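One structure is given below, encoded as structure tokens.
Numbering (my numbering), first residue to last: 435 to 1421.
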């Protein structure tokens, strides 16, 4: 973990009201780095090295007097100069002038510095360390970590830097040991609070710098073990044992040997801090149940039945109850009510999730498990990627705890199974539209509509006793018209309660119209649709139109600006309509300026649109939404890529879209709209809108390259390619192939990307729309680099440069030049590689193209590394890294860290290389593809081998070999040869 200690001009921290000198000035001193002094924040001259040695000797005595003989011995040791005493007096006189006479005083033939306790950074560190120890003893580990971080942050390099003399040398050694002890304590606290994955990078660097310090090795083994890297943890022990034997002729201390045995046994106790009892208390007790409705009515037999089942969960096998019934029958209301009543049986908490089973895209179990694990106190870094691993960790986390899990609105048993606790003492309550007969061991409950008595009671509680008692027969007509569905009754009663001028008879008369009700109760949405007809029928014409048309959009939610475009209204007019729909509960306000439908209401709104809108009106609404997204995304693309000709070759739109003056605002819009934007692309597959949809996908390229939405982007691109081929539109097909090739390239699936790019070139012989061919050639060149086909790469990229120049596309030309630099580098033409990369940078800088300029600096850094210009290469990489982080380009951030590790390795700085490679692995987790991960592991192995941790290195190389073998990559042979040389038994 890299901690920045700040610039070298920093003034030591002041922790309490300062004691000013007699002259009223604020003096502060630092020895944890260069010896320095400040008066009222202004740096003072501390003189020659020997004069600084005198100042340091006085400061470190804590106000006690040092005799002249002691100071001479401190500065010169056994060989003082002949005029040593006079020199001491001269130094003291100079310092007294710089400070003040009341600070440096003469006393009993010697000298002393009189300053407050907090004037010297060493004393501040001591106070912070004492406070940290006290906080840790009191159980506040996070406060202890924070205090130790502040203490360690006061070091500014080597203590007493460049100060001569035996006294300074002894103090340097003491202070460095103190710093290491504090660092070990803080790292120990890191592990205690679950930051093991983050600690690995720092511990790797520290063990390289202090290879014989066994406590650091022990902490590294624990951090690796808790990060799921057991083989590497064991390799650290093997490296340590070999190093100690070779260097000192001794075995590791018993504690380290015992730790190795515990790791071999996969000791569960090792997964938590050693000073805590097992099992550890849950860091969080979730209480996620939604509020129960205050007017819950009836269902007494079901409440008793389900309550009894949940009460038996304690001390028995897991209790699973599954409620099934049509939409709107009150499954969620009943389940939440029962869950609240059963809370006493589940003191360790309650989890809740809406699985969105009634929608087009049900919640993914792995996503739900991630949210549950976080709610249970699991750190993000400890949550694995795969569904099976998450489910296993989830069950382990719940073991020994009494948790109630409410799984609402489930799609089917397959979605639910990974979410079941599976341990005694826990229970699961499930609601779904389908009977889960294939869910083994579950208690099935079929929930029907209310009885007439229960329905009338619910209606009365909501609408008011006085109004209903006066018109009982009309009220019975109302609940009967609602089909005794609780949701329909609640909507009708709420409407009546909100309209004081209505009578119950008026509402009953409205419901008597059978054209507004279903003739009979049916399964699924039709019954629910009848209840929503009540609210929809009371809307003003403009509100009803907005309700219908907004339901056509597929996204998870919609912004005000997008809704205004879809409705063809000004923002303020659209907002008035949307807020009116929120008031009627037909629309939800997801966040300020964002709106969403409940999944059932969306289905009903679409049914209304299909019934009440002409096909042309529906198509026009979605076309306007597509225009809005395309126009805005094109503006974002132009802001991110000034000079890129793509924006000149996009389909025309009838909407201007949003405009941004700041690239960060533009990025925020693109990433916040990713879900709705990609959903709009997927549903725009008709021949009239297909080209605009594919252009939108191309303009939103950052969604694929950032890694954040790469899977959804790839799915949309694949869908658009199929639609283009179905329509027989070659232009659309070429562009869809470019977007899909780019997505596969970023995901490391080079064979697929290569095939798609070749298809673009094959389809471009007519000369129309040359832009896809230009970028496809660029892709082919990049893929050839990765596949070591350098002659092919040079051919493709040379052609791409010519074509970009013909189209006056300077950013494209710059990109191809930088990629050609990589080819020339691989072919041994290093001077040309550097020159090409610099040409790319020059073009990008001329365009003000910061993001792609970072890509060019990335290419230049690679070339300079190969040339041995490591300092300049590192600077180039660091400039690129800053831009990638600022632009949220995780893929390129991770790859730049990887290249920095390569540069550190080339400069024989294996410790820093290992740290950078560890950070690259963390950033690239889940993105970039396995081939890139294999490359990082290979470099990490070399770095670890360079710091004497050959056992861990072998583990990394073996993992890289497995990746390359699975991919059929040429790199496998090199890794296999490497393993044969260093560890034949593992090859």
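Beta carbons are placed, not taken as given, at the ideal position from N, Cα and C, and that holds for glycine.
This one's a predicted model, so the numbers in the text were calculated from it and none came from an experiment.
Excluding the 5 residues flanking residue 650 on each side, which residues of the same chain have their C-beta closer than 7 Å to its C-beta?
Non-local C-beta neighbours of residue 650 in its own chain, meaning closer than 7 Å and more than five positions away in sequence, comprise 618, 637, 640, 641, 644, ordered along the chain.
Pick helix, strand or coil for residue 1416, following the three-state DSSP scheme.
Note: residue 1416 maps to helix in three-state DSSP.
So, helix, strand or coil for residue 1176, using DSSP?
Helix, per DSSP.
Going by beta carbon distance, what residues of the same chain come within less than 7 Å of residue 781, once the five residues before and after it are set aside?
836, listed in sequence order.
Judging by CA-CA distance, which residue of 771, 833, 614 is the nearest neighbour of residue 702?
Taking only the C-alpha atoms, the option nearest residue 702 is 833.
In terms of residue numbering, what span does the beta strand (DSSP E) encompassing residue 463 cover?
Taken as a continuous stretch (DSSP letters only), the beta strand (DSSP E) holding residue 463 covers 461-464.
Span of the alpha helix (DSSP H) around residue 913:
For residue 913, the uninterrupted alpha helix (DSSP H) segment begins and ends at 906-915.
May I ask which residues mark the beginning and end of the beta strand (DSSP E) holding residue 1054?
First-last for residue 1054: 1049-1074, but that is the alpha helix (DSSP H), not the beta strand (DSSP E).
Contact between the segment 715-733 and the segment 669-687: three or more CB pairs below 8 Å?
When C-beta atoms of the segment 715-733 are compared with those of the segment 669-687, fewer than three pairs fall below 8 Å, so the two segments do not count as touching.
In chain order, what are the residue ranges of uninterrupted alpha helix (DSSP H) at least 4 long that sit wholly in the segment 1284-1370?
Every alpha helix (DSSP H) stretch that sits fully inside the segment 1284-1370 and reaches 4 residues is listed by chain position as 1284-1301, 1304-1320, 1324-1340, 1344-1357.
Under 6 Å Cβ to Cβ from residue 665, same chain only, skipping five residues before and after it: list those, please.
Non-local beta-carbon contacts of residue 665 in its own chain, meaning distances under 6 Å to residues more than five positions away in sequence, involve 1389 in chain order.
Would you call the segment 515-526 and the segment 602-616 in contact, with 3 or more CB pairs under 8 Å?
Contact between the segment 515-526 and the segment 602-616 is absent: fewer than 3 CB-CB pairs across the two stretches fall below 8 Å.
Extent of the continuous beta strand (DSSP E) run through residue 544
Where residue 544 is concerned, the enclosing beta strand (DSSP E) stretches over 544-547.
Do residue 1358 and residue 1373 have their C-beta atoms closer together than 8 Å?
Their beta carbons are not under 8 Å apart, which means residue 1358 does not touch residue 1373 by this criterion.
Excluding five sequence neighbours on each side, which residues of the same chain lie with their C-beta closer than 7 Å to the C-beta of residue 1081?
Hits under 7 Å: 1068, 1071, 1072.
By Cβ distance below 6 Å, which residues in the same chain neighbour residue 1337 in space, the five residues on each side in sequence not counted?
The beta carbon of residue 1337 sits closer than 6 Å to those of 1299, 1304, 1307, 1308, all from its chain and outside the five residues before and after it, given in chain order.
Here's the rule I'm using: 16 or more other beta-carbon atoms within 10 Å means buried, otherwise exposed. How should residue 423 be labelled?
No statement about residue 423 is possible, as the shown extent of the chain runs from 435 to 1421 and does not include it.
Unbroken alpha helix (DSSP H) run spanning residue 786, endpoints
Segment 784-788 is the beta strand (DSSP E) holding residue 786; no alpha helix (DSSP H) there.
Within 10 angstroms of the Cβ of residue 1057, are there 16 or more other Cβ atoms? Answer buried if so, exposed if not.
The residue is buried, with at least 16 neighbouring Cβ atoms inside 10 Å.
Residue 1368: which of 1346, 1392, 1350, 1385 sits nearest, CA to CA?
Per the C-alpha coordinates, the member of 1346, 1392, 1350, 1385 positioned closest to residue 1368 is 1392.
Starting from residue 589, trace the alpha helix (DSSP H) in both directions and tell me its first and last residue.
Neither: residue 589 is in no alpha helix (DSSP H) and is coded neither H nor E.
Is it right to say residue 568 is buried, meaning 16 or more other beta carbons lie within 10 angstroms of its own, or is it exposed?
It is exposed - the Cβ of residue 568 has fewer than 16 other Cβ atoms within 10 Å.
If you follow the alpha helix (DSSP H) that residue 929 is in, where does it begin and where does it stop?
Note, residue 929: alpha helix (DSSP H), 920-932.
Drop a sphere of 10 angstroms on the beta-carbon of residue 1036, count the other beta-carbons inside from all chains shown, and report buried for 16 or more, exposed for fewer.
When all chains shown are included, residue 1036 counts as buried.
Alpha-carbon to alpha-carbon, residue 758 and residue 892:
Between residue 892 and residue 758, the C-alpha separation is close to 21 Å.
Buried or exposed by the 16-neighbour rule on C-beta atoms within 10 Å, applied to residue 674:
Buried, because 16 or more other Cβ atoms sit within 10 Å of the Cβ of residue 674.
When DSSP labels each residue in this structure, what does residue 992 get in the three-state scheme?
Strand at residue 992.
Between the alpha carbons of residue 980 and residue 1105, how many angstroms are there, rounded?
When only Cα atoms are considered, residue 980 and residue 1105 end up about 26 Å apart.
Closest by C-alpha distance to residue 1381, when choosing among 461, 578, 646, 570
Checking every option, the nearest Cα to that of residue 1381 belongs to 646.
Can you give me the Cβ contacts of residue 506 inside the same chain, cut-off strictly under 8 Å, excluding the 5 residues immediately before and after it?
514, 518, 519, 522.
Could you tell me which residues DSSP pairs with residue 866 in its beta bridges?
The partner list for residue 866 (beta bridge, DSSP) reads 758, 844.
What are the uninterrupted segments assigned as beta strand (DSSP E) that are 3 or more residues long and contained completely in the segment 500-572, given in chain order?
If we require 3 residues or more, the beta strand (DSSP E) runs fully inside the segment 500-572 come out as 538-541, 544-547.
Neighbour-count burial assignment, residue 764, 16 or more Cβ in a 10 Å radius
Taking a 10 Å sphere around the C-beta of residue 764, we find 16 or more other C-beta atoms and assign the residue as buried.
For the alpha helix (DSSP H) containing residue 1023, name the first residue and the last one.
For residue 1023, there is no enclosing alpha helix (DSSP H); the enclosing beta strand (DSSP E) has its first and last residue at 1022-1025.
Which of the three DSSP states is assigned to residue 498 in this structure?
Looking at residue 498 - three-state DSSP - the assignment turns out to be coil, as it is neither helix nor strand.
From residue 877 to residue 762, what distance separates their C-alpha atoms?
Residue 877 and residue 762: Cα-Cα distance of roughly 21 Å.
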